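Before any comments, here is the structure.
2 protein chains.
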Amino acid sequence: MTVGFSSIAKAQTSGSAVKVVVFDAFAVFDPRSVFTAVESHFPGRGSELSATWRTKQFEYCWLRTLDRSYVDFWQVTEDALVFASRAAALELRAETREKLMSAYLQLEPWPDAIPALNAMRGAGLRLGYVSNFTPNMMETNTRRAGAIELFEHRLSTDLVKAFKPDPRAYRMAEQWFGVPRESIVFAAFAGWDAVGAKTYGLKTFWVNRLNAPFEELGAAPDAVGGSLRDLAKYVIA
Amino acid sequence: MTVGFSSIAKAQTSGSAVKVVVFDAFAVFDPRSVFTAVESHFPGRGSELSATWRTKQFEYCWLRTLDRSYVDFWQVTEDALVFASRAAALELRAETREKLMSAYLQLEPWPDAIPALNAMRGAGLRLGYVSNFTPNMMETNTRRAGAIELFEHRLSTDLVKAFKPDPRAYRMAEQWFGVPRESIVFAAFAGWDAVGAKTYGLKTFWVNRLNAPFEELGAAPDAVGGSLRDLAKYVIA
Chain A
1 MTVGFSSIAK AQTSGSAVKV VVFDAFAVFD PRSVFTAVES HFPGRGSELS
51 ATWRTKQFEY CWLRTLDRSY VDFWQVTEDA LVFASRAAAL ELRAETREKL
101 MSAYLQLEPW PDAIPALNAM RGAGLRLGYV SNFTPNMMET NTRRAGAIEL
151 FEHRLSTDLV KAFKPDPRAY RMAEQWFGVP RESIVFAAFA GWDAVGAKTY
201 GLKTFWVNRL NAPFEELGAA PDAVGGSLRD LAKYVIA
Chain B
1 MTVGFSSIAK AQTSGSAVKV VVFDAFAVFD PRSVFTAVES HFPGRGSELS
51 ATWRTKQFEY CWLRTLDRSY VDFWQVTEDA LVFASRAAAL ELRAETREKL
101 MSAYLQLEPW PDAIPALNAM RGAGLRLGYV SNFTPNMMET NTRRAGAIEL
151 FEHRLSTDLV KAFKPDPRAY RMAEQWFGVP RESIVFAAFA GWDAVGAKTY
201 GLKTFWVNRL NAPFEELGAA PDAVGGSLRD LAKYVIA
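Order-wise, the sequence lines are chains A and B.
Per the working numbering, the first sequence starts with residue 1, numbered consecutively.
Per the working numbering, the second sequence starts with residue 1, numbered consecutively.
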């Protein structure tokens, strides 16, 4: 089942006609400001609380898709925060909860993101999101970054009530852009998302910004890099 | 979305005609001997490695059910171990991997399990598993415990190629026992599994042996206890 990194291209070119590049929101926006906010509200306990919050945030997405009890990513994120506080035996006041949740509407793009997005758009590529973020989370953060015009379709899993890696989520890219999956590159932030998109049949680039270990899920992304600069090199022929 | 513990019955009686009790394997078998084996192979690193192994073991189940790349729980468990070793920067030799995996075939029942199972069977209840375990994992451990005759159906998610909490997994209990879901009690070890079974429509008892915090998943088990002794009190009218 092991697929070694050595078999994966590093920031080479994609090799065939890419028309569309779709992004996970965290490939564009840095989530770490949320964790900084957690630490400022719970000094000394931030990394423990953030780690649980983050793990549960995604586990709840998968569980609620599997057991057919979908709620949107905003709700899942808030539920995960409530769980993480309880698991850490920390009192979570309503104001604190609101403050921490609002950090998800004030994300900064990674420093390389906007220049690389502009370069890809300038090269004639069509851009979009395929993200667990709610439409509001995507729009608010993208507007703040002055990048709203760059994204032709902002596809939220909320449209299909199924979180990634359910195939219904990745399928939105084909359906909304109206091009075959082979001409779409998906830019993942998480290793599991890269595998999910690849398993679905999209061409997949793992923007492995935090140098995370490769997931043992039986499939590998087509290429791996450290930034959207690497991605731009990969997709611009 | 919060459902407080106060709204959940603690080891009262189930209140209506229960005919069948189905168990998650970990409600019967104690997984902690696996973690002891990990510590003995990686002194000082056991709890870190075990925590990642365990988290990934279940995440991989959910991801592979969602993205339609199902492999059985034995494979998922081995893949998760490979990931966890790599994440901890520990070399995992083939012999060590085999030794640690074989710990999953040498699980001991929780001390209260066999007497309580006998009491339930003696009271005329029909017993079974609904478990992610492969048929071999269920059979080997149950035979070692001398309890194979107690279980009428040992239902593995491998039969439907979908891990819990996918409804196809819980549905097996109705299909194989041939009784309506309202007369089946599911005994969960994990909080998410209790919620999944309840969301599907089984009567659900959370055997919360490790006093884990309640999951924020929008549904609550019908009752909570600390052992199969508590469960027996709940189901024996």
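Glycine is no exception: its CB is placed at the ideal position from the N, C-alpha and C atoms.
Every value quoted in this text rests on a predicted model; they were computed, and no experiment measured them.
Opposing strand residues paired with Arg154(B) [DSSP bridges]: The residue given as residue 154(B) occupies position 154 in the second sequence. DSSP, once it has assigned bridges, lists Tyr129(B) as partnering Arg154(B).
Residue range of the unbroken beta strand (DSSP E) whose run includes Val22(B): In the second sequence, residue 22(B) corresponds to position 22, counting from 1. Unbroken beta strand (DSSP E) run through Val22(B): 20-23.
Residues near Trp53(B) in its chain [Cβ-Cβ closer than 6 Å; skip 5 each side]: Within the second sequence, the letter at position 53 stands for residue 53(B). Excluding residues within five positions, the ones whose Cβ falls inside 6 Å are Ala80, Leu81, Ala84.
Chain D residues whose Cβ lies nearer than 8 Å to that of Trp62(B): Here the protein chains are A and B, and chain D is not one of them.
8 Å CB neighbourhood of Ala33(B) in its chain, flanking five on each side removed: Position 33 of the second sequence, counted from the start, is the residue given in the question as residue 33(B). Checking the sequence shown, residue 33(B) turns out to be Ser, not Ala. Cβ neighbours of Ser33(B) beyond the five flanking positions: Ala103, Gln106, Leu107, Glu108.
Contact residues within the region 191-214 of chain B, judged by C-beta distance below 8 Å to chain A: Trp192, Val195, Gly196, Thr199, Tyr200, Pro213, Phe214
Length of the line joining the Cα atoms of Gln175(B) and Val195(B): The sequence position of residue 175(B) within the second sequence is 175, counting from 1. The sequence position of residue 195(B) within the second sequence is 195, counting from 1. When rounded, the distance between both Cα atoms is 20 Å.
Backbone secondary structure at Trp206(A) - three-state DSSP: One-based indexing of the first sequence puts residue 206(A) at position 206. Trp206(A): strand per DSSP, three-state reduction.
Under 8 Å between C-beta atoms of Val160(A) and Ala169(A): Start at 1 with the first residue of the first sequence, and residue 160(A) comes out as number 160. Start at 1 with the first residue of the first sequence, and residue 169(A) comes out as number 169. Against a cut-off of 8 Å, the Cβ pair of Ala169(A) and Val160(A) comes out as a contact.
Listed by chain order, chain B residues near Ala87(A) by CB distance under 7 Å: As a position in the first sequence, residue 87(A) is number 87, starting the count at 1. Chain B residues near Ala87(A): Pro213.
Beta-carbon neighbours of Ala166(B), restricted to chain A and to distances below 8 Å: Stepping through the second sequence from its first residue, residue 166(B) is reached at position 166. The identity of residue 166(B) in the sequence shown is Asp, whereas the question assumes Ala. Within chain A, the residues near Asp166(B) are Leu66, Asp67.
Interface partners of Val22(A) on chain B, CB under 9 Å: Within the first sequence, numbered from 1, the residue matching residue 22(A) stands at position 22. Here the premise fails: no neighbours, minimum Cβ distance about 17 Å.
Under the three-state DSSP convention, the category Phe83(A) falls into: Here residue 83(A) is taken as the residue at index 83 of the first sequence, counted from 1. Reduced to three states, the DSSP call for Phe83(A) is helix.
Neighbour list for Phe83(B) in chain A, Cβ cutoff strictly below 7 Å: Indexing the second sequence from 1 puts residue 83(B) at position 83. Neighbours of Phe83(B) on chain A, chain order: Pro213, Glu215, Glu216.
Buried versus exposed call for Gly191(A) [16 or more other C-beta atoms within 10 Å across all chains shown]: As a working note, residue 191(A) is residue 191 in the first sequence. Per the 10 Å Cβ criterion, buried.
Asp72(A) CB to nearest heavy atom of the ligand HEM below 7 Å: Absence of the ligand HEM from the depicted structure is noted, as is the absence of any ligand whatsoever, leaving it without description.
Contacts that Thr55(B) makes with chain A (C-beta to C-beta distance below 9 Å): Here residue 55(B) refers to the residue found at position 55 when the second sequence is read from its first residue. Within 9 Å Cβ-Cβ: Thr55, Glu59.
Local Cβ density within 10 Å of Leu100(B), reported as buried at 16 or more and exposed below that: Stepping through the second sequence from its first residue, residue 100(B) is reached at position 100. Its Cβ being crowded by 16 or more others within 10 Å, Leu100(B) is buried.
Same chain, Cβ closer than 7 Å to Phe133(B), neighbours up to 5 away in sequence not counted: The residue given as residue 133(B) occupies position 133 in the second sequence. Result list for Phe133(B): Ala25, Phe73, Ser156, in chain order.
Cut-off 7 Å between Cβ atoms - residues of its own chain near Tyr60(B), not counting five sequence neighbours on either side: In the second sequence, the residue the question calls residue 60(B) occupies position 60. Same-chain partners within the cutoff: Val76, Asp79, Ala80.
Beta-ladder partner(s) of Gly191(B), from DSSP: As a first step, residue 191(B) is located in the second sequence; it is residue number 191 there, counting from the start. DSSP, once it has assigned bridges, lists no residue as partnering Gly191(B).
6 Å CB neighbourhood of Asn208(A) in its chain, flanking five on each side removed: Counted from its first residue, the first sequence places residue 208(A) at position 208. So the list reads Val224, once near-sequence residues are dropped.
Where Ile184(A) falls: helix, strand or coil (DSSP): Locating residue 184(A) in the first sequence gives position 184, where the first residue counts as 1. Ile184(A): strand per DSSP, three-state reduction.
Simplified DSSP assignment, three categories, for Val224(B): As a working note, residue 224(B) is residue 224 in the second sequence. Correct three-state label for Val224(B): strand.
Residue ranges of each alpha helix (DSSP H) within the region 20-82 of chain A, 4 or longer: 25-28, 32-41, 46-66
Burial state of Pro115(B), where buried means 16 or more other Cβ atoms lie within 10 Å: Stepping through the second sequence from its first residue, residue 115(B) is reached at position 115. Exposed, by the Cβ-count rule.
Thr65(B) beta carbon less than 8 Å from that of Phe163(B): Position 163 of the second sequence, counted from the start, is the residue given in the question as residue 163(B). Position 65 of the second sequence, counted from the start, is the residue given in the question as residue 65(B). Yes, they are a contact pair.
Alpha carbon of Asp166(A) to alpha carbon of Arg229(B), nearest angstrom: Numbered from 1 along the first sequence, position 166 holds the residue referred to as residue 166(A). Numbered from 1 along the second sequence, position 229 holds the residue referred to as residue 229(B). For Asp166(A) and Arg229(B), the distance between alpha carbons rounds to 39 Å.
Inter-residue Cα distance where the pair is Ala147(B) and Ser227(B): To locate residue 147(B), count along the second sequence from 1; it is residue 147. To locate residue 227(B), count along the second sequence from 1; it is residue 227. Roughly 17 Å between the two C-alpha positions.
Assigned secondary structure, Pro167(B) (DSSP; H/G/I helix, E/B strand, else coil): For the purposes of this step, residue 167(B) is taken as the residue at position 167 of the second sequence. In the structure shown, Pro167(B) sits in a helix (DSSP, three-state: H, G or I).
Which residues DSSP lists as bridging Pro109(B), in chain order: Counting from 1 along the second sequence, the entry for residue 109(B) is found at position 109. Bridge partners of Pro109(B): Phe29(B).
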